[in-house]
Amino acid sequence: MIETPLGTIDADAVLHLSATLTQLSLAQKPFSRFSQALPERITVDAHAVRQCDSAGVAALIWWCRYCRQQNAHLVWRPLPASITELAALYQIDFQAWTEYAD
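Numbers given in the working numbering equal positions in the sequence shown, counted from 1, plus 23.
1. Within 10 Å of its beta-carbon, does ASP125 have 16 or more other beta-carbons around it, so buried, or fewer, so exposed?
2. Does GLN51 have its Cβ less than 7 Å from a Cβ in chain C?
3. Figure out for me which residue from CYS75, SER48 and LEU40 has the closest Cα to the Cα of ALA110.
4. Taking the alpha-carbon positions, what's the PRO101 to ASP68 distance?
5. Looking only at its chain, what residues have a beta carbon closer than 7 Å to the beta carbon of VAL72, apart from the 5 residues adjacent to it on each side?
6. For the alpha helix (DSSP H) that GLU108 lies in, which residues bound it at each end?
7. Going by the DSSP bridge assignment, what does ASP68 pair with across the sheet?
8. Note down the Cα distance separating THR66 from SER55, rounded to an integer number of angstroms.
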């Protein structure tokens, strides 16, 4: 298992996002110190996300960029409305950067 600032990557290379992706929950996370090698392909499971604010969207953008730097391919399971609606306000389309799983 790999602990990330956004959740845990399990043995099947699935990143289980935390239930809360907000400024308060992310403020003390070690984004700048995170330097783990990643699996080649990571599936992002956001079903547990209950709260997301602009800091959460920014953290997801950070994650996309970090994965790109590590040559890790992201596959997104369907994202909850709490993420997609907020991302749309900022004209962010995670699908444009990655792909979605059915």
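Virtual Cβ for every residue (Gly too), placed ideally from N, Cα, C. Bear in mind that the values here come from a model prediction, so they are computed numbers and not experimental data.
Taking the geometry as given:
1. Residue placement at ASP125 is poorly supported in this model, since its pLDDT is 44, which falls under 50; the coordinates still yield a value, given next. Taking all protein chains in view, the Cβ of ASP125 is surrounded by fewer than 16 other Cβ atoms within 10 Å, so the residue is classified as exposed.
2. Structure shown: chain C not included; a single protein chain is present.
3. Relative to the Cα of ALA110, the nearest Cα in the group CYS75, SER48 and LEU40 belongs to CYS75.
4. Approximately 8 Å, taken between the alpha carbons.
5. Excluding residues within five positions, the ones whose Cβ falls inside 7 Å are LEU40, ALA42, LEU44, PRO103, SER105 and ILE106.
6. In this chain, the alpha helix (DSSP H) harbouring GLU108 covers 104–112.
7. ASP68 has HIS39 as its beta-bridge partners, per DSSP.
8. THR66 and SER55: Cα-Cα distance of roughly 22 Å.
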